[in-house]
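Notes to accompany the following structure.
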Amino acid sequence: MTDDELIEAFESHRLTREEFTHEAHLRVGWIYVARLPLGEACDTMARELLAWDIAYGLGDRYHETVTWAFMFIIHEKQLACGAKSFDEFLAANPDLMRKSPPFLADYYKDETLGSDLARKHFLLPDVGR
Amino acid sequence: MNDEDFLKAFEDASLDPKLFDHKAHIRMGWIYVMRYPLAEAIEKFGRALRAYTRALEAEAKYHETITWFYMLLIAERQAAHPAATFAAFLGKNRDLVAKPSILTRYYRAETLASDRARYHYVLPDGAMVKDAA
Numbered sequence: 001m002t003d004d005e006l007i008e009a010f011e012s013h014r015l016t017r018e019e020f021t022h023e024a025h026l027r028v029g030w031i032y033v034a035r036l037p038l039g040e041a042c043d044t045m046a047r048e049l050l051a052w053d054i055a056y057g058l059g060d061r062y063h064e065t066v067t068w069a070f071m072f073i074i075h076e077k078q079l080a081c082g083a084k085s086f087d088e089f090l091a092a093n094p095d096l097m098r099k100s101p102p103f104l105a106d107y108y109k110d111e112t113l114g115s116d117l118a119r120k121h122f123l124l125p126d127v128g129r
Numbered sequence: 001m002n003d004e005d006f007l008k009a010f011e012d013a014s015l016d017p018k019l020f021d022h023k024a025h026i027r028m029g030w031i032y033v034m035r036y037p038l039a040e041a042i043e044k045f046g047r048a049l050r051a052y053t054r055a056l057e058a059e060a061k062y063h064e065t066i067t068w069f070y071m072l073l074i075a076e077r078q079a080a081h082p083a084a085t086f087a088a089f090l091g092k093n094r095d096l097v098a099k100p101s102i103l104t105r106y107y108r109a110e111t112l113a114s115d116r117a118r119y120h121y122v123l124p125d126g127a128m129v130k131d132a133a
């Protein structure tokens, strides 16, 4: 699938739950980061994820802090590696695929991400508090 | 000055720079956070701040990471403890105007000093708080 085809499938909700893997989430985020100013990229990802979640479920899986944090991390890692394609980006950043411990555990305490506040509003990483 | 006049003076760059101290920056950010969805608030505030620094011929002072950081922090605090006025907000969040700057708790000094952080938003990279609350 090309980047355009993936975005089209995602935004039109033809991308199935099975197809929308963690890697596909990262790739959609990477495409938005590559194409849009950062704030707009975060907003677009958030809006489209919520719409997709409503199409495929109850719309209750969307998590604002997780979504924005991954967008910021993708943006930062893209700045550092300057990848020309998602494959190149992923090859330079294999840690983004790490499941255990969860990648965001480097940034957030479990209880922070588990809170209702974090689900509804972006919270900064748990550093220096 | 009420919020409306303060915002207008900032956006048309008539605001006296002597009045635009750190606390006034926080107040302006809070006004944008109250009026717009977060991404839009950051974008609009960042654009207005760059225009203001340009009008004062101080554009080199603009710092993308510091701008984004404070907007995200203000939004987080406002979401956690909603305040109806800036005075109420500040009363609950004195650490945003305390010294040393809260930035030093969130960021390593060399990160903030880098061009990368000046021109692009990067996440806080201070020591991670891993111990249970």
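Protein chains in written order, with our numbering: chain A, 1 to 129; chain B, 1 to 133.
Cβ coordinates follow ideal geometry from the N, Cα and C atoms, glycine included.
Nothing here was measured: the structure is a model prediction, and the numbers come from that model.
Run through DSSP, which three-state label would Met128(B) get? Secondary structure of Met128(B) (DSSP, three-state): strand.
Is there a Cβ of chain B sitting closer than 8 Å to that of Glu11(A), yes or no? Taking Cβ atoms only, chain B never reaches closer than 8 Å to Glu11(A), which makes this a no.
Which residue from Leu6(A), Leu117(A) and Asp60(A) puts its Cα closest to that of Tyr32(A)? Of all alpha-carbon atoms in Leu6(A), Leu117(A) and Asp60(A), the one lying nearest the alpha-carbon of Tyr32(A) is that of Leu6(A).
Closer than 7 Å by beta-carbon distance: list the chain A residues that pair up with His120(B), in chain order. Annotation: Cβ neighbours of His120(B) in chain A (cutoff 7 Å, chain order): Leu79.
Given that Asp106(A) touches chain B, what residues does it touch there, using C-beta distances under 9 Å? Here the neighbours are Met128.
Check the Cβ of Leu38(A) against every Cβ in chain B and list those closer than 7 Å, keeping chain order. At a beta-carbon threshold of 7 Å, the residues of chain B lying near Leu38(A) are Tyr121, ordered along the chain.
Residue nearest to Asp3(B) in terms of C-alpha spacing, selected from His120(B), Lys92(B) and Phe86(B): Closest option to Asp3(B), Cα to Cα, is Phe86(B).
Quick check on the burial criterion: 16 or more other C-beta atoms within 10 angstroms. Buried or exposed for Cys81(A)? Per the 10 Å Cβ criterion, exposed.
Can you tell which of Phe10(B), Thr104(B) and Tyr107(B) has its C-alpha closest to the C-alpha of Arg27(B)? Comparing Cα positions, the closest option is Phe10(B).
For Gly29(A) and Met71(A), the rounded distance between their alpha carbons: The alpha-carbon separation between Met71(A) and Gly29(A) amounts to approximately 6 Å.
Contact residues within the segment 28-43 of chain B, judged by C-beta distance below 8 Å to chain A: Cβ contacts with chain A: Pro37, Leu38, Ala39, Glu40, Ile42 and Glu43.
Continuous beta strand (DSSP E) assignments of at least 3 residues falling wholly in the segment 48-99 of chain A: Counting only runs of 3+ residues, no beta strand (DSSP E) is found wholly inside the segment 48-99 of chain A.
Using only the alpha-carbon positions, how far apart do Lys99(B) and Ala55(A) sit? Cα atoms of Lys99(B) and Ala55(A): separation of roughly 48 Å, rounded to the nearest angstrom.
Give me whichever residues DSSP pairs with Val127(A) in a beta bridge. For Val127(A), which the question treats as bridged, DSSP gives the partners Met128(B).
Taking Cβ positions, are Glu59(B) and Arg50(B) nearer each other than 8 Å? Contact flag set, yes.
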